[in-house]
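K.L.:
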Amino acid sequence: MIKPAIRNFSLTDLEQWFIQKQQPLYRAKQLYQWLWKRNIRRIDEITNIPKSLLRAIQSETWWDVIELFSFQKASDLTIKASFFLYDGLIVEGVIIPSNDRTTACISTQVGCPVRCRFCATGNMGYVRNLNVGEIVDQVVLLNRLSTDQLGTNLTNIVIMGMGEPLLNYEYTLKALMHLTSPEAMNWSKNRITLSTVGIPDRIIQFAHDNPGVKLAVSLHAPFQDKREQLIPLAKKYTLIDILEALKNYVKITNQVVTFEYLMLYNVNDSIDDARELVRICSTINSKVNLIPYNNVEGLAFVPSTEDKIHTFYKFLKNRHINVRIRKSRGQDIDAACGQLANKLVNK
Ligand code: SF4
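Given below as C-alpha cells:
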C-alpha cells in the first residue's frame, strides 16, 4: 500500500488517525499545530508527542517538504523562486513587492492542463498536481526569502502561478484552510486571492465551501469564440456557464469578483471587446484588472500598445466600470504574468 503524505491530512483526518491508534484527540491538534503553525520540516522537531507515536507516524506516512532551489531578483525587486519537489520536479513562485504590500504568487500544479496559448506554463503541458504541503511550503519559503532579500514579510497571497487551482480542488482548498485557520497559519482571508480560468461547477462548490478568500477569473476575452482561441478549455467550460456560475457565486458569498484581462494586440483589445466586457460587468458585481501582456519566447502574441490599453481603459472607466491597469512586474527575469515555466522541468 502506498503511504499517504502526512501533510495531505486535514485536522479531521488526523483525529481519525489518532482515534484508530486509541490516542487522545488532543494529540491530533498538537500534531496539526506542529505541521501548520510551526511549519516543521521533519518529524523529529516535535517535542511534546511520545516517541512511540512519532515512530508510528513516521512509518505510516511520508513527508513532501519542498526546498528552495534558486532565485532571481529583477531590477524592480520582484523575485522569482524555483522550488525543488520530492520527485525532482520544479515549480516556481514569485514575490512582488509594491508600495503598500508584498505579495506571494504561488503555484498549485506542475505545468497546467488548461494550455492557454499565450502562457509559458500552458505550453509546458501538465505534469502533476501539487500536494497540500507543497502548496503551503511555497508561502513559508517565499516569506523567508522576502525577509532575507527585501527585509519584509509577505502581506498578500495570490494563487495565480503555475496551474489551474480549481483542477487541483481538494488540495488547494485544504491548503487554504491551513493558511487561514487560527489553529494554523492564521492568514487573513481577504489578503488571499484565488485565480481561475473558470470551471463552473467548481466555482459553485467553492462558494459553498466558502474559504472566504477572494476570487479572480481570467476572462481574457468577452466573446466565446475569441476565448476558445486563447484558452482551449473554454470549449468545454463556456462563457455562458461561467458567467451563470459567477452570478450564483456572488449571490452565495456576497463578494465582488475580479476579471483578469490580458491585453493582447489586435486580439482582444478592440472597442467591440470593451463594449462586450462592459455588458458582462453590468450583470455581475465585479471589477476589472487590465494586464499588459509580456512576450513569451516562441509564442506569437504581442502586447497591446500603451495607446490601445489606455483607450480600452477609458472606455470602461467612462461607463463606470471599476477598472485598473495592473503594472507588469519582473519582466527582466521572466517572472511576469504568463511567463512562469520552469525550463528545468523539461531538461
Ligand atoms: S494562464 Fe493559468 S490557466 Fe492558463 S495555462 Fe497558464 S497557468 Fe494554466
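FYI, this note's numbering numbers position 134 of the sequence shown as 1033, with every residue one higher than the one before it.
Beta carbons: idealized from backbone N, C-alpha and C, even for Gly.
#1: Is there at least one Cβ from chain D nearer than 8 Å to residue 1174's Cβ?
#2: In whole angstroms, what separates the C-alpha of residue 1032 from that of residue 907?
#3: Go through the residues and name those whose CB comes closer than 5 Å to any heavy atom of ligand 1, in chain order.
#4: In the DSSP assignment, what are the bridge partners of residue 904?
#5: Take residue 1203 as the anchor and find which of 1004, 1165, 1184, 1139 has the nearest alpha-carbon.
#6: Which residue comes first and which comes last in the alpha helix (DSSP H) that contains residue 1017?
#7: Under the rule that 16 or more other beta-carbon atoms within 10 Å means buried, what is residue 943, buried or exposed?
#8: Take every Cβ of the stretch 1025-1040, pair it with every Cβ of the stretch 996-1006, and state whether three or more of those distances are shorter than 8 Å.
#9: Residue 996 to residue 1170, Cα distance in whole Å?
#10: Taking the continuous beta strand (DSSP E) assigned at residue 866, which residues delimit it?
#11: By the three-class DSSP mapping on this structure, what secondary structure does residue 1231 have?
#12: Alpha carbon to alpha carbon, how far is residue 1089 from residue 1167?
#13: So residue 1182 packs on residue 1142, CB below 8 Å; how close in whole Å?
#14: Would DSSP call residue 914 helix, strand or coil?
#15: With residue 1132 as the anchor, note down where its beta strand (DSSP E) starts and where it stops.
#16: Give the DSSP bridge partners of residue 996, in chain order.
#17: DSSP three-state label for residue 974, please.
#18: Which same chain residues, not among the five before or five after residue 1163, have their C-beta less than 6 Å away from its C-beta?
#19: Select from 1224, 993, 969 the residue whose C-alpha is nearest the C-alpha of residue 1158.
#20: Whole beta strand (DSSP E) runs in the stretch 1144-1180 with 3 or more residues, listed along the chain?
#21: Check whether the stretch 949-956 touches the stretch 966-978, taking contact to mean three or more Cβ pairs, one atom from each stretch, closer than 8 Å.
#22: Let me confirm a value: residue 1021 is counted as buried when at least 16 other C-beta atoms fall within 10 Å, else exposed. Which label applies?
#23: In three-state DSSP terms, what is residue 886?
#24: Hey, could you find the ends of the beta strand (DSSP E) residue 1115 is sitting in?
#25: Helix, strand or coil: how does DSSP classify residue 1102 here?
P.N.:
Reading off the structure:
#1: Among the chains of the structure shown, chain D does not appear; only one protein chain is present.
#2: A direct Cα-to-Cα measurement between residue 1032 and residue 907 gives close to 7 Å.
#3: Counting every residue whose Cβ lies closer than 5 Å to a heavy atom of ligand 1, we get 1011, 1013, 1015, 1018, 1020, 1021, 1063, 1096.
#4: DSSP output for residue 904 lists 961 as bridge partner(s).
#5: Nearest to residue 1203 by alpha-carbon distance, out of 1004, 1165, 1184, 1139, is 1165.
#6: In the DSSP assignment, residue 1017 falls outside any alpha helix (DSSP H), carrying neither H nor E.
#7: Counting Cβ neighbours within 10 Å, residue 943 comes out exposed, since fewer than 16 surround it.
#8: A contact exists between the stretch 1025-1040 and the stretch 996-1006.
#9: Those two C-alpha atoms are separated by around 33 Å.
#10: No statement about residue 866 is possible, as the shown extent of the chain runs from 900 to 1246 and does not include it.
#11: Reduced to three states, the DSSP call for residue 1231 is helix.
#12: The alpha-carbon atoms of residue 1089 and residue 1167 are separated by roughly 30 Å.
#13: Here residue 1182 really is in contact with residue 1142; their C-beta atoms are around 7 Å apart, less than 8 Å.
#14: The three-state secondary structure of residue 914, taken from DSSP, is helix.
#15: Unbroken run through residue 1132: none, as it is neither H nor E.
#16: Answer by DSSP bridge pairing, in chain order: 1001.
#17: Per DSSP, reduced to three states, the secondary structure at residue 974 is coil, with no helix or strand assignment.
#18: Once the five neighbours on either side are set aside, the close Cβ partners of residue 1163 are 1192, 1200.
#19: Comparing Cα-Cα distances from residue 1158 to each of 1224, 993, 969, the minimum goes to 1224.
#20: Listed in chain order, the complete beta strand (DSSP E) runs (minimum 3 residues) inside the stretch 1144-1180 are 1156-1162.
#21: Judged by Cβ distances under 8 Å, the stretch 949-956 makes no contact with the stretch 966-978, as fewer than three pairs qualify.
#22: Classification of residue 1021: buried, given that the 10 Å Cβ count is 16 or more.
#23: Since the first residue of the chain shown is 900 and the last is 1246, residue 886 is not available in this structure.
#24: Here the beta strand (DSSP E) through residue 1115 covers 1113-1117.
#25: Of the three classes helix, strand and coil, the one that applies to residue 1102 here is helix, per DSSP.
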